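**Student:**
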Amino acid sequence: MKVLNKDELQIAEAVLLKHTPKSLKVYGFLHGINRNKATILEVVVDRWPDFNVIICRPDPKNKRAREFMKKVAYYSTDEKALRTVLTEENAFDWRTYFIVGGFDFSHSSMLKEVSSYREVNNRVYTLVHLLYLPDISQLLTPAIDSELESRISSLNHSHVDLVNKTWKFGGNEQGFKNIQNLIGNFPSCCITDEEGQPVSWILVYDYCAMGMLYTLPEHRGKGYAKVLVSTMAKRLHTEGYPVYCFIEEENVVSYKLFKNQGFVEDPSYRAACLLDNALKCISRIAMYYCIIIIFKVYGYLVLINRSDKADPVKVLVDKWPEFSVIICRPQYEKKGDLFKDTQIFAKDEGVLKETIKTSSVFDWTRYLCLGISLHQIDVLKAVASEKEVPSKELAVCHMMILGDVSDLPPIDSSGISLGSLDESHTSLVNQTWKFAKNDEAVRMIRNMLANFPSCCVLDAEGKPVSWIMSYPTCAMGMLYTLPEHRGKGYAKVLVSTMAKRFHAEGYPVYCFIEEENVVSYKFFKSLGFTEDPSYRATWFHFNNL
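Residues in the sequence shown are numbered from 488 upward in steps of one, following my numbering.
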């Protein structure tokens, strides 16, 4: 395989233009690269200059590549040559997960055979129409009055979070960084409300296809999508970009929208996306797309399902099996149990409100400590207000996740004596934990030391001088070093050791860092932990303890 240089990329782009529309995705990548758009890709061919296979893949020398989903795109004029490249060359990194995006679906059987040969599992997870506008004069433009025209603008970096939250493949840190890159380097278009806030928008991917078309629900039915598609198509044509998009087969509404505006397709051609090393990828995607906002509840269930040492917890759902709300509520058996927090995950705020109103779910006459996503806390506060129950914020936290234990940097622990805490250390931990209140936390801490993993650094006399523990939710926490032993690197050793142990035992590896704790936040980031910047966890007290 030959890696193309700057001059060769220009030649390859011209060759691919002759093979559109089927070559459009790879052509789009090269179009952006050749115009100095930020990229994490390298481009390789089977031979030069008369190539039969051209592949865009993550550049192993680019340190930013790990921040994004590993995407591969290719175009081939010869399936036999493609099979040879994939079987005999190191065209793809078959050791890890990746997505082959926008490939010719007629190659699906061959790709599965090669994946089987490479002992890699895979699945086709979406089929798409490739719609393009070969002639700008075919574009059907809706009427746009002067008032609406004055509200047509471009997105900027302050809108990244909004787009990330609404994109069906977003909602996580990788999505945030991807959208940040697209808004910063490629055209975008939006319609704003009277206050200048975007209510409808469209972006351009790094392969130059239009996408992420979205209108806020309360602004639909006003024809905004037609206006955006038309405006963006004209802009792309004027600036020399290809004008095309991919529409998932099941998205009939968008398909009709683009067709009605003059876009066409080759009916004999379907593009598809293939997930290779799918089991690894599904696990990681689940972490970022699903579990990232329910880790606390997930952690509870991991321990309940794997250990007879888990805290006595009742797991409540609004309905089964398709629940919208799940609540992990500790059982209150003895003094000190009230200190334990209840964790809530909800997909529907309306259902959440009705669920927590029920006396069988929460006894609002007694002390409650509830953990939930920050953007849903108003629901809890509204119910508390209705019941005339006082509330107080305890903490707002970043949720830090170690998606891949190999991201941990090498740490030298030579000369450091490690051990585990036990129940005899309950008082020591209680005295140093910032949320401990008199003896109310003693029972919870003793239970954590008796039943859940911990790690500590021991001094010459075998006494703990630095430690980390794990909560009943599987989150690491209570990291602390006695003042006279700080600055020795103990915290790095403890976090690394605990993370590797959790990973080896199949537990999620994550923690919560209070927003104001900048030192700890930077510390965990330096160890390879990441976060979804759009998400915050919060804990609130209701009634007095």
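We treat Cβ as the ideally placed atom computed from N, Cα and C, and that holds for glycine.
Computed from a predicted model, the values in this text were never measured in an experiment.
(1) Would you be able to state if there are at least three C-beta pairs under 8 Å between the stretch 997–1004 and the stretch 631–644?
(2) For PHE1011, report the span of its beta strand (DSSP E) as first-last.
(3) On the criterion of 16 or more Cβ atoms from any shown chain inside 10 Å, does ILE779 qualify as buried, or is it exposed?
(4) Alpha carbon to alpha carbon, how far is ASP537 from MET774? Give it in angstroms, no decimals.
(5) Alpha carbons only, please: which of PHE673, GLU566 and SER811 is nearest the one belonging to LEU839?
(6) To the nearest angstrom, how far is it from the Cα of ASN672 to the Cα of TYR562?
(7) Any idea if TRP535 is buried or exposed, counting beta-carbon neighbours within 10 angstroms, 16 or more meaning buried?
(8) Helix or strand or just coil, what does DSSP make of GLN1033?
(9) Can you check which of these residues, LEU598, THR913 and VAL572, is closest to ALA928 by C-alpha distance?
(10) Helix, strand or coil for LEU450, going by three-state DSSP, please let me know.
(11) Is ILE541 near the ligand FAD, with its Cβ less than 8 Å from a heavy atom?
(12) What is the DSSP secondary structure of GLN830, reduced to helix, strand or coil?
(13) In the stretch 872–922, which residue ranges form an unbroken alpha helix (DSSP H) of at least 4 residues, counting only runs that do not cross its ends?
(14) List the DSSP bridge partners of ASP591.
(15) Spell out a yes or no on whether the stretch 520–535 and the stretch 748–762 are touching, meaning 3 or more CB-CB pairs, one atom from each, closer than 8 Å.
(16) Return the residue from the list LYS709, LEU517, ALA962 and ALA630 that minimises the CA-CA distance to ASP693.
(17) In chain order, what residues of the same chain have a beta carbon less than 8 Å from the beta carbon of GLY657, not counting five sequence neighbours either side?
(18) Below 6 Å CB to CB, which residues in the same chain sit around LYS879 once its five sequence neighbours on both sides are set aside?
(19) So, helix, strand or coil for HIS506, using DSSP?
(20) Have a look at the DSSP bridge pairing and note the partners of VAL804.
(21) Do you know offhand how far TYR619's Cα is from ARG816's?
(22) May I have the straight-line CA-CA distance separating TYR604 from VAL559, to the nearest angstrom?
(23) Determine which residues share a DSSP beta bridge with GLU735 and list them.
(24) Hey, how far is the Cα of ALA525 from the Cα of HIS646?
(25) So, for ILE898: in the same chain, excluding its five sequence neighbours on each side, which residues have a beta-carbon less than 7 Å away from its beta-carbon?
(26) Below 9 Å between beta carbons: does that hold for LEU969 and MET956?
(27) Pop quiz: VAL601 and ALA568 are said to be a contact at Cβ under 8 Å. What is the actual Cβ separation, rounded to whole angstroms?
(28) With which residues is ASP529 paired in a DSSP beta bridge?
(29) Enumerate in chain order the residues of its own chain whose CB-to-CB distance from LYS827 is below 6 Å, with the five nearest sequence positions on each side excluded.
(30) What did DSSP end up calling LEU598 once you bin it into helix, strand or coil?
(31) Using a Cβ-Cβ cut-off of 8 Å (strictly less than) and excluding sequence neighbours within five positions of VAL892, which residues of its own chain qualify?
**Tutor:** If we stick to the structure as given:
(1) no
(2) Numbered from its first residue, the sequence shown carries residue 1011 at position 524. Element bounds for PHE1011: not the beta strand (DSSP E) but the alpha helix (DSSP H), 1005–1013.
(3) For the purposes of this step, residue 779 is taken as the residue at position 292 of the sequence shown. Bear in mind that the predicted position of ILE779 carries a pLDDT of just 43, short of 50, making it unreliable; the figure below should be weighed with that in mind. It is buried - the Cβ of ILE779 has at least 16 other Cβ atoms within 10 Å.
(4) To locate residue 774, count along the sequence shown from 1; it is residue 287. To locate residue 537, count along the sequence shown from 1; it is residue 50. Residue placement at MET774 is flagged as unreliable, the pLDDT there being 40, under the threshold of 50; the coordinate-derived value follows with that caveat. Each residue's alpha carbon lies about 43 Å from the other.
(5) Stepping through the sequence shown from its first residue, residue 839 is reached at position 352. Of PHE673, GLU566 and SER811, the residue nearest in Cα terms is SER811.
(6) Taking the sequence shown and counting its residues from 1, one reaches residue 672 at position 185. Taking the sequence shown and counting its residues from 1, one reaches residue 562 at position 75. Between ASN672 and TYR562, the C-alpha separation is close to 24 Å.
(7) As a position in the sequence shown, residue 535 is number 48, starting the count at 1. TRP535 is exposed by the Cβ-count criterion.
(8) The question about residue 1033 has no answer, for the chain in this structure spans 488 to 1032.
(9) Numbered from 1 along the sequence shown, position 441 holds the residue referred to as residue 928. When each option's Cα is compared against that of ALA928, the closest is THR913.
(10) In this structure the chain extends from 488 to 1032, so residue 450 is not present and cannot be described.
(11) The ligand FAD is not part of the structure shown, which contains no ligands of any sort.
(12) Within the sequence shown, the letter at position 343 stands for residue 830. GLN830: strand per DSSP, three-state reduction.
(13) 913–919
(14) Indexing the sequence shown from 1 puts residue 591 at position 104. Beta-bridge pairing links ASP591 to ALA758.
(15) no
(16) Here residue 693 corresponds to residue number 206 of the sequence shown, with the count starting at 1. The residue with the shortest Cα to Cα distance from ASP693 is LEU517.
(17) Counting from one through the sequence shown, the residue named residue 657 turns up at place 170. Excluding residues within five positions, the ones whose Cβ falls inside 8 Å are VAL650, ASN651, PHE663, ASN665 and ILE666.
(18) Taking the sequence shown and counting its residues from 1, the one referred to as residue 879 is at position 392. Same-chain partners within the cutoff: HIS1028.
(19) For the purposes of this step, residue 506 is taken as the residue at position 19 of the sequence shown. Three-state result, HIS506: coil.
(20) In the sequence shown, counting from the first residue as 1, residue 804 sits at position 317. BP columns for VAL804 point to ILE813.
(21) Stepping through the sequence shown from its first residue, residue 619 is reached at position 132. Stepping through the sequence shown from its first residue, residue 816 is reached at position 329. If you take the alpha carbons of TYR619 and ARG816, they lie about 53 Å apart.
(22) Within the sequence shown, the letter at position 117 stands for residue 604. Within the sequence shown, the letter at position 72 stands for residue 559. Computed Cα separation, rounded: 19 Å.
(23) Within the sequence shown, the letter at position 248 stands for residue 735. VAL615.
(24) On the sequence shown, position 38 is the one that residue 525 refers to. On the sequence shown, position 159 is the one that residue 646 refers to. Spanning the two alpha carbons is a distance of roughly 19 Å.
(25) By 1-based counting over the sequence shown, the position of residue 898 is 411. Hits under 7 Å: LYS979, VAL980 and SER983.
(26) Translated into positions along the sequence shown, residue 969 becomes position 482. Translated into positions along the sequence shown, residue 956 becomes position 469. Taking 9 Å as the Cβ cut-off, LEU969 and MET956 do not qualify as a contacting pair.
(27) Looking up residue 601 in the sequence shown gives position 114. Looking up residue 568 in the sequence shown gives position 81. Not a contact, Cβ separation roughly 13 Å.
(28) Taking the first residue of the sequence shown as position 1, residue 529 is located at position 42. Going by the sequence as given, residue 529 is Glu instead of Asp. In DSSP, GLU529 forms a bridge with ARG544.
(29) As a first step, residue 827 must be located in the sequence shown, where it is residue number 340. Hits under 6 Å: PRO817 and MET931.
(30) Here residue 598 refers to the residue found at position 111 of the sequence shown. Three-state DSSP puts LEU598 in a helix.
(31) As a working note, residue 892 is residue 405 in the sequence shown. For VAL892, where only same-chain residues beyond five positions count, the Cβ hits under 8 Å are ALA986, LYS987, HIS990 and VAL996.
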